[in-house]
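In what follows, a structure is listed as structure tokens, so that the remarks can point back to it.
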Amino acid sequence: MTRLVELEATGPRKLEPSDIDDEKGDLAVCQCGLSDSFPFCDGSHRRTRDEDDEMTYVYENGRRREVERVVTADDTDEKS
246 MTRLVELEAT
256 GPRKLEPSDI
266 DDEKGDLAVC
276 QCGLSDSFPF
286 CDGSHRRTRD
296 EDDEMTYVYE
306 NGRRREVERV
316 VTADDTDEKS
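According to the working numbering, the sequence shown holds residues 246 to 325 in order.
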């Protein structure tokens, strides 16, 4: 499976000691791109559990939809 993710950041985020969860004692970094507290994990990856390996998905406004193809600005197609 693939997932299209839009990010607006233009640089790295420096982690501070306050980023560590006081209760859990850990720091989880998002790898799915869906977290509302990106770059930190908030458990949003649970929504991806039933994704099909052969599909491409877009998550918008809390909803998932399947995408048949991706068209880039230079008109190059990428099939899912």
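Cβ atoms here follow ideal geometry from the backbone N, Cα and C, with glycine treated the same way.
Please list, in chain order, all residues of the same chain as residue i whose beta carbon is under 7 Å from its beta carbon, the five residues on each side excluded.
i	result
serine 325	Because serine 325 sits at a pLDDT of 48, beneath the cut-off of 50, its placement in the model cannot be relied upon, and the following sentence gives the value as read from the coordinates. Thr247, Met300, Thr301, Val312, Glu313 and Arg314.
valine 250	Gly278
arginine 308	none
valine 303	Leu249, Arg310 and Val312
Can you give me the Cβ contacts of residue i inside the same chain, cut-off strictly under 8 Å, excluding the 5 residues immediately before and after it?
i	result
valine 274	Pro284, Phe285 and Cys286
Tell me where the beta strand (DSSP E) around residue i begins and ends.
i	result
threonine 301	301-305
arginine 248	247-249
Reducing DSSP to helix, strand and coil, say where residue i ends up.
i	result
arginine 314	strand
arginine 258	coil
aspartate 264	helix
arginine 294	coil
Give me whichever residues DSSP pairs with residue i in a beta bridge.
i	result
arginine 309	Tyr304
phenylalanine 285	Val274
Only counting the same chain, and skipping five residues up and downstream in sequence, which positions put a Cβ closer than 6 Å to that of residue i?
i	result
aspartate 266	none
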